[in-house]
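Peer 1:
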Amino acid sequence: MNIILFGAPGAGKGTQAKLLVEKYGIPQISTGDMFRAAIANGTELGKKAKTYMDDGQLVPDDVTIGIVEERLAKEDCGKGFILDGFPRTLHQAEELQKILDKLGKTIDKVVVLDVDDNEILERITGRRMSRKTGKIYHVKYNPPVDENEEDIYQREDDNETAVKTRLKAYKEQTSPLFDYYKNLGKTVIINGKQEVAKITEDILRVLDSL
36 MNIILFGAPG AGKGTQAKLL VEKYGIPQIS TGDMFRAAIA NGTELGKKAK
86 TYMDDGQLVP DDVTIGIVEE RLAKEDCGKG FILDGFPRTL HQAEELQKIL
136 DKLGKTIDKV VVLDVDDNEI LERITGRRMS RKTGKIYHVK YNPPVDENEE
186 DIYQREDDNE TAVKTRLKAY KEQTSPLFDY YKNLGKTVII NGKQEVAKIT
236 EDILRVLDSL
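Residue numbering for the sequence shown follows this note's numbering, starting at 36 and increasing by one per position.
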């Protein structure tokens, strides 16, 4: 089963991906994971990616797409995979299709976690981290017992202005992708504002029927 997981920052993709990994025994693959693996394995594309990352630059599409191809060809993707954070653009989606054609694979379903902007803002701007333990809290849903003891702080990119910028970029990048996969009949939209267990239940209902 080959799945693409879409959702804005804070939509809950990471949580659902972990549950799907446990359920189906297939790897969750994010762009960051692919870069780190290629660099650790010392592949030529990994070395190229490292030069850009070390300079704080975005890794170009041709390198990213090459690393995706390397990763999807690995043995642990034989039963399927969950792509998280790729593709991000229409060009990447078209190149992904070429890779899948070469490997004799296809995308079975594109799962979109739909959460409105106000909910995303509340989730992310309310997020806090502990410098002592690294635990993640939320001022509303999961507040720390003692902020001073935990040495609680808010990440710089979790402020309202930064979150709105990220949401805007996400929408601009992914809106053409939704049309692309919708036209292929691959997309299912899941209400991401529900309880975690209900979201999982809705996703599994779709995937189990494949």
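Cβ atoms here follow ideal geometry from the backbone N, Cα and C, with glycine treated the same way. None of the values given here were measured: they were computed from a predicted structure.
1. Tell me where the beta strand (DSSP E) around Met164 begins and ends.
2. For a quick check, are the C-beta atoms of Val146 and Phe41 less than 8 Å apart?
3. With 16 as the cutoff for other CB atoms within 10 Å, does Lys217 come out buried or exposed?
4. Where does Tyr258 fall in DSSP's three states?
5. What residue range is occupied by the uninterrupted alpha helix (DSSP H) comprising Val146?
6. Taking only the alpha-carbon atoms, compute the straight-line gap between Phe116 and Glu182 and give it to the nearest angstrom.
7. Pick out whichever of Gly49, Ala75 and Glu79 has its Cα sitting closest to the Cα of Gly120.
8. Would the beta-carbon of Leu148 fall within 8 Å of that of Ile225?
9. For Ala310 and Gly139, what's the separation of their Cα atoms in angstroms?
10. Are three or more beta carbon pairs between the segment 62-70 and the segment 93-110 nearer than 8 Å?
11. Pro122: buried (16+ other C-beta within 10 angstroms of its C-beta) or exposed?
12. With a cut-off of 8 Å on the beta carbons, I'd call Pro179 and Ser165 a contact; round off their distance for me.
Peer 2: The structure says:
1. Segment Arg162 to Ser165, the beta strand (DSSP E) holding Met164.
2. With respect to the 8 Å criterion, Val146 and Phe41 are classified as neighbours on the basis of their beta carbons.
3. Exposed.
4. For residue 258 there is no data in the structure shown, the boundaries of the chain being 36 and 245.
5. No alpha helix (DSSP H) contains Val146, which is instead part of the beta strand (DSSP E) from Lys144 to Asp149.
6. Rounded to the nearest angstrom, the two C-alpha atoms are 39 Å apart.
7. The shortest C-alpha separation from Gly120 is found at Gly49.
8. Leu148 is a Cβ neighbour of Ile225, given a cutoff of 8 Å.
9. There is simply no residue 310 to check, as the chain begins at 36 and stops at 245 in what is shown.
10. Touching, yes.
11. By the neighbour-count definition (other C-beta atoms within 10 Å, threshold 16), Pro122 is a buried residue.
12. 7 Å between Cβ atoms; contact.
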